[in-house]
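Peer 1: Going from the sequence shown to my numbering is simple: count from 1 and add 6.
Before anything else, here's the structure in question.
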Amino acid sequence: MGKALRWTTLAAGLAALAWSLSGCIEAAVVTAGAAGTAIADERSMGRVIDDHTLAVNVNSAMLKADEKLFVAADVTVRDGRVQLTGRVPNPDARVEAARIAWTVEGVREVLNELVVTDRSGWQDYPRDARITTEIVTRMLFDKDVSQINFTIETVNATVYVMGVARSEAERDKVNNIARSIGGVRRVVNNALLRDDPRRK
7 MGKALRWTTL
17 AAGLAALAWS
27 LSGCIEAAVV
37 TAGAAGTAIA
47 DERSMGRVID
57 DHTLAVNVNS
67 AMLKADEKLF
77 VAADVTVRDG
87 RVQLTGRVPN
97 PDARVEAARI
107 AWTVEGVREV
117 LNELVVTDRS
127 GWQDYPRDAR
137 ITTEIVTRML
147 FDKDVSQINF
157 TIETVNATVY
167 VMGVARSEAE
177 RDKVNNIARS
187 IGGVRRVVNN
197 ALLRDDPRRK
């Protein structure tokens, strides 16, 4: 679900303030958050930190260029691959969001999953939030899935999966879990296998 569903104007203002803070403070926060994530992650500690930093930088670039795009687009980063999800009002905004992401140093790939629609999405929030929560919960309790290696986003009942799968079987299992949830219309799995050369 896009930031438009989760951010108020105040939150956007606070984000702008955070963006303007010194790089040292930002780096400390990113490193602390990444350290906890890396404990069971398929990525190395260095890669986790790089991905967290890259997500901050893409969001900052989006905010600096266009506040509306910053609010509309959710940014997920894994192995230098940037996934954009959410809703934008027109094709030009969709293209612009990808262009901004590509301007950030370190971006290897941009997966532009932004949906062009004139609907705000507020009415879909309860359903999309429920879908995401149910998928993540089932993954957590499934012994064949390492949930920490995946990120789930749901927009208009379409589920977007990002992350690293240890095997094709695990990737398929995540797809099947997502499809089993009531209300899911489609599953887009952008996760890579652990040995995929794009992760090098």
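No residue lacks a Cβ here, since even glycine has one placed at the ideal position from N, Cα and C.
All values reported here derive from a predicted model rather than from experimental measurement.
When the Cα atoms are used, what is the spatial distance from P97 to V122?
Peer 2: In the sequence shown, residue 97 corresponds to position 91, counting from 1. In the sequence shown, residue 122 corresponds to position 116, counting from 1. For P97 and V122, the distance between alpha carbons rounds to 6 Å.
Peer 1: Counting pairs of Cβ atoms below 8 Å between the region 146 to 155 and the region 128 to 135, do you hit three or more?
Peer 2: The region 146 to 155 vs the region 128 to 135: no contact.
Peer 1: Cutting at 7 Å between CB atoms, please list the residues of its own chain near A99, excluding the five before and the five after it.
Peer 2: Here residue 99 corresponds to residue number 93 of the sequence shown, with the count starting at 1. Here the set comprises L75.
Peer 1: For the pair the region 162 to 175 and the region 185 to 198, tell me if three or more CB-CB distances fall below 8 Å.
Peer 2: Contact between the region 162 to 175 and the region 185 to 198 is present, because at least three Cβ pairs lie under 8 Å.
Peer 1: Given I141, which residues of its chain have a CB within under 7 Å of its CB, disregarding the five upstream and five downstream residues?
Peer 2: Along the sequence shown, one-based indexing puts residue 141 at 135. I158, V165, I183, A184 and I187.
Peer 1: Which residues in the same chain as M68 place their Cβ atom closer than 8 Å to its Cβ, once the five residues preceding and following it in sequence are excluded?
Peer 2: Along the sequence shown, read from residue 1 onward, the residue named residue 68 stands at position 62. Excluding sequence neighbours, M68 sits near L75, F76, A79, V81, A103, I106 and A107.
Peer 1: Check whether the Cβ atoms of V83 and D57 sit closer than 7 Å, and answer yes or no.
Peer 2: Numbered from its first residue, the sequence shown carries residue 83 at position 77. Numbered from its first residue, the sequence shown carries residue 57 at position 51. Cβ distance < 7 Å, so V83 and D57 count as in contact.
Peer 1: Going by C-alpha to C-alpha distance, which of V151, L90, T160 and E115 sits closest to E174?
Peer 2: Indexing the sequence shown from 1 puts residue 174 at position 168. Selected option, being the one with the closest Cα: V151.
Peer 1: How is V4 classed by DSSP in three states: helix, strand or coil?
Peer 2: The displayed coordinates of the chain run from 7 to 206. Any statement about residue 4 would go beyond what the structure contains.
Peer 1: Going by DSSP, what residue range makes up the beta strand (DSSP E) through F156?
Peer 2: Here residue 156 corresponds to residue number 150 of the sequence shown, with the count starting at 1. Looking at the DSSP string, the run of the beta strand (DSSP E) that includes F156 is F156 to V161.
Peer 1: R172 by DSSP, collapsed to three states: which one?
Peer 2: The sequence position of residue 172 within the sequence shown is 166, counting from 1. DSSP places R172 in coil when its eight states are reduced to three.
Peer 1: Short check: CB of L60 to CB of V94, under 7 Å?
Peer 2: Reading the sequence shown from its first residue, position 54 is the one you call residue 60. Reading the sequence shown from its first residue, position 88 is the one you call residue 94. No; because the gap between Cβ atoms is not below 7 Å, this pair is not in contact.
Peer 1: Note down, in chain order, each residue of its chain lying with its Cβ closer than 6 Å to the Cβ of L117, except the 5 sequence neighbours on either side.
Peer 2: Within the sequence shown, residue 117 is the residue found at index 111, counting from 1. Q89 and N196.
Peer 1: Taking the straight line between their C-alpha atoms, what separation do you get for V190 and D201?
Peer 2: Stepping through the sequence shown from its first residue, residue 190 is reached at position 184. Stepping through the sequence shown from its first residue, residue 201 is reached at position 195. Cα to Cα, V190 sits roughly 29 Å from D201.
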